[in-house]
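Engineer: One structure follows; several queries about it will come next.
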Amino acid sequence: MTAPASSATKPGFGSGHPSEPVVAHILSHPGVQRTPSAKLTLFQQRGFLLPDLCADLIALIDARRRPSTVSDYNGDDAYRTSETCDLDSAIPVVAEVERRIIEFIGLDAAHGEPIQGQRYAVGQEFKGHTDYFEPQGLDFHKFCAVAGNRTWTVMLYLNEPEAGGATRFKAIDKTIQPEIGKLLAWNNLRPDGSPNPSTIHQGMKVRAGVKYVITKWFRERRWGFSEA
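Using my numbering, the first residue of the sequence shown is number 24, and each one after it goes up by one.
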């Protein structure tokens, strides 16, 4: 008899579309809050990660950070001014966070991108954007030819800056303040599977201190990337 798969590799709900099974799975966890909105599907859970685990991730981000980039460059050099790093799942602390995220959202781990860390110093921000890639965008084929577009986003705040750094969902005028270990999760698609422009959100400027977050995105197909 084959041993059961671990929660990090156990097949889940595939890509996350249709979304109903994913929504039901997320809501099965205690303490999950759903934002009342007909425009987008957005969840929060406080205290998803404990402070010591967040501190370990912050140290990794500080050691590996580089300037953040954007797809479909729009000519605005101040559009995204944060720093970014890719977090290797071979590192035990990263593997543990991967396991917890997969368990929370229930999606097939094979559809997940590697976890990415972001660091925002004073004055840094990420102006209004969506996490999916625009199907008509110049970089769409480069980023989506293999794995398809992004379906779900899971984002975690690792600390609380002294001022600023909130996440604002513009279409519903919802502003979420950073809290250590707080999780946000949202569906980037409409019910019919098309990209949902109401998911536009902004990483607002940090006014004092530094903000750290991690993000994991899921795709329509198994994760892979084309350099072509």
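Positions of the beta carbon are idealized from the N, C-alpha and C atoms, including for glycine.
Using three-state DSSP, classify Lys228 as helix, strand or coil.
Structural biologist: coil
Engineer: DSSP three-state call for Ile203: helix, strand or coil?
Structural biologist: Note: Ile203 maps to coil in three-state DSSP.
Engineer: Can you list, in chain order, the residues of its chain whose CB lies under 8 Å from that of Met24, leaving out five sequence neighbours each side?
Structural biologist: In this prediction, Met24 scores a pLDDT of 34, lower than 50, which makes its location untrustworthy; the coordinate-derived value is nonetheless stated afterwards. Nothing listed; no residue qualifies.
Engineer: Counting pairs of beta carbons, one from the segment 140 to 158 and one from the segment 205 to 219, are three or more of them closer than 8 Å?
Structural biologist: yes
Engineer: Assuming Glu202 contacts Glu185 under a Cβ cut-off of 8 Å, what Cβ separation, rounded to an integer in Å, is found between them?
Structural biologist: Their Cβ separation, rounded to whole angstroms, is 14 Å, which puts Glu202 and Glu185 out of contact at 8 Å.
Engineer: Could you check where the beta strand (DSSP E) with Phe241 kicks off and where it finishes?
Structural biologist: Lys234 to Arg242
Engineer: Using only CA atoms, which one of Val145, Ile114, Leu110 and Glu119 lies nearest to Glu136?
Structural biologist: Leu110
Engineer: Starting from the Cα of Leu207, find the closest Cα among Phe163, Leu63, Asp215 and Pro41 and give me that residue.
Structural biologist: Leu63
Engineer: What would DSSP say about Val93, mapped onto helix, strand or coil?
Structural biologist: Val93: coil per DSSP, three-state reduction.
Engineer: Are the beta-carbon atoms of Ile128 and Ile237 separated by less than 7 Å?
Structural biologist: no
Engineer: Can you list, in chain order, the stretches of the alpha helix (DSSP H) that have 4 or more residues and sit fully within the segment 37 to 67?
Structural biologist: Under the rule that a run must span 4 or more residues, the alpha helix (DSSP H) segments found entirely inside the segment 37 to 67 read 43 to 50.
Engineer: Helix, strand or coil: how does DSSP classify Gly247 here?
Structural biologist: coil
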